[in-house]
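Structure first, commentary second.
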Amino acid sequence: MPDYRLSGLYILPALINHSCAPNSERTNFGDVIVLRAMKAIKEGEELTLTYAGHDAAYDLRTQILEHYQVKCDCDLCAQDHASGREVRQRRPQILEQMNQPKTPMPRLMQLLKQLSDTYPSPYSSHKWDLYQGYKVVIADYYRNPQNLFIPAQRKKVLEATFGLLEALNIRVLDDGIDGRPRRLPIATDIVPYAGLQGVSYCIELCMMMLAGGNTDRAKAWLKAGTWSEPRILVFCYY
Ligand SMILES: [Zn+2]
């Protein structure tokens, strides 16, 4: 089995500053660090990486960043700060209610809407708590695997999965179950900073399309998963 524990001193990457909404992402291929641009970077613009992880809520991020003596003023922090402490605390409370066992679907959808409403519009980055909310809804649909084969139910799972990807800041271009197929069903102007979470749901969509007998769209979603997260190729290799 490969040993995934890594440590090392990389002189040049060590100079890269932090942003919670960074313009690049780091991937390790063995002892080589590869930076991937996550969006168009202008000549002379500073490269940024996240030190705090993209899944940390504002208050946790602030704590982690204190360790690095970083006071971040990125777009995401500005939006989260502007939301106020009360709203930031409300989000995990709603999620806790959604995670109560046997919460019926209509109530889950109501809570998901409340969660969505806590984010100002427009909101220019991923909405981590909303993503978690969609996960609860989708898991509830999957409790009955037959749902994938019932067109009306499959449509609902599909819409919820699109919502989840949008919460991860992945712009979905797919028109829905009966729309025209696209070569790549997500926008490519910004690489989604979604890690393997985003990939796994692209693969779920691939499976959903296969269940509906739509192999072209299944291939397109598989391609979307591998495009958005190159590390999947490393995991496939191992
Ligand atoms: Zn920030």
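First residue of the sequence shown: 19, per the working numbering; consecutive thereafter. Glycine residues also receive a C-beta, built at the ideal position from the N, C-alpha and C atoms. A quick note: this is a predicted structure, and the numbers were derived from the prediction, not measured.
Is the closest heavy atom of ligand 3 to the C-beta of residue i under 8 Å?
| i | result |
| --- | --- |
| Leu94 | This structure lacks ligand 3; the ligands present are ligand 1. |
Could you compute how far the alpha carbon of residue i sits from the alpha carbon of residue j?
| i | j | result |
| --- | --- | --- |
| Thr244 | Val105 | 35 Å |
| Ser37 | Asp93 | 9 Å |
| Lys131 | Val155 | 12 Å |
| Met127 | Leu148 | 12 Å |
| Phe180 | Asp193 | 10 Å |
| Glu61 | Met116 | 45 Å |
| Glu222 | Asp49 | 32 Å |
| Ala96 | Leu83 | 15 Å |
| Ala157 | Leu27 | 41 Å |
| Ile29 | Ile208 | 28 Å |
| Asn242 | Asn162 | Residue identity check: residue 242 is Ala in the sequence provided, not Asn. Cα to Cα, the separation comes out at about 26 Å. |
| Arg79 | Asp98 | 11 Å |
| Val52 | Arg103 | 37 Å |
| Cys220 | Gln164 | 20 Å |
| Thr233 | Val217 | 18 Å |
| Arg235 | Lys173 | 14 Å |
| Trp146 | Gly231 | 32 Å |
With burial defined as no fewer than 16 other Cβ atoms inside 10 Å of the residue's Cβ, what is the status of residue i: buried or exposed?
| i | result |
| --- | --- |
| Arg189 | exposed |
| Gln215 | buried |
| Pro32 | Note that residue 32 is Ala in the sequence shown here, rather than Pro. When all chains shown are included, Ala32 counts as exposed. |
| Lys153 | buried |
| Ala170 | exposed |
| Asn14 | One cannot answer for residue 14 here, as it falls past the ends of the chain, which runs 19 to 256. |
| Phe47 | exposed |
| Tyr160 | exposed |
| Gln150 | buried |
| Ile204 | buried |
Tell whether a beta-carbon distance below 9 Å holds between residue i and residue j.
| i | j | result |
| --- | --- | --- |
| Tyr39 | Ser143 | This sequence places Ala at residue 39; Tyr is not what is there. It is a contact, given that the beta carbons lie within the stated cut-off. |
| Leu186 | Met226 | no |
| Leu183 | Ala229 | no |
| Leu224 | Leu240 | It is worth fixing the name first, because residue 224 is Cys in this sequence and not Leu. Result yes, Cβ atoms of Cys224 and Leu240 sit closer than 9 Å. |
| Ser101 | Tyr137 | yes |
| Ala55 | Ser42 | yes |
Let me check one thing: in DSSP terms, what residues is residue i bridge-paired to?
| i | result |
| --- | --- |
| Ser42 | Ala55 |
| Ile208 | Lys57 |
| Phe180 | Note: Phe180 sits in no beta bridge, so no partner. |
| Thr80 | The partner list for Thr80 (beta bridge, DSSP) is empty, contrary to what the question assumes. |
| His36 | Leu67 |
| Val154 | None; Val154 has no bridge partner. |
| Phe47 | Val50 |
| Given 8 Å, three or more beta-carbon pairs between the stretch 64 to 73 and the stretch 103 to 114 | no
| task | Determine, using beta-carbon pairs with one atom in the stretch 85 to 94 and one in the stretch 116 to 132, whether at least three such pairs fall under 8 Å. | result | no
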